[in-house]
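Beneath this line is the structure, given in structure tokens, with notes to follow.
In the UniProt record's numbering, the protein residues as written are 1 to 103.
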């Protein structure tokens, strides 16, 4: 059995046999094999493997103030919105309206 910083690595992945010191580390590792991202962001299409990643990402949304008129994406500024719209031709770029979000 391997050790890490004095801890036994007693949690073993049943897919690749890699071992971990904690159950949480193993649980996170297993998402590599399953592809699961059970923590979706309510503000954009991103999803995350663990809740702490979602919480970190969620903080970034507090700074986002410009909303795309064609989808639910928020951007930091109008220039980022223009870049987003250029990437998605299906969005109507003829009339871009900026919606400022009050905190």
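Heads up, the beta-carbon is just placed ideally off N, CA and C, and yes, glycines get one too.
Query, Result
"Run through DSSP, which three-state label would residue 19 get?", "strand"
"Excluding the five sequence neighbours on either side, which residues of its own chain have a C-beta within less than 7 Å of the C-beta of residue 47, listed in chain order?", "37, 39, 40, 41"
"Between which two residues does the alpha helix (DSSP H) harbouring residue 52 extend?", "51-61"
"In angstroms, rounded to a whole number, what distance separates the CA positions of residue 85 and residue 70?", "9 Å"
"Span of the alpha helix (DSSP H) holding residue 87?", "78-87"
"Since residue 20 contacts residue 33 with CB under 8 Å, what's their CB separation in whole angstroms?", "About 13 Å; that fails the 8 Å criterion."
"Per DSSP, residue 75 forms a beta bridge with which residues?", "66"
"For residue 53 and residue 60, I'd like the C-alpha separation in whole angstroms.", "11 Å"
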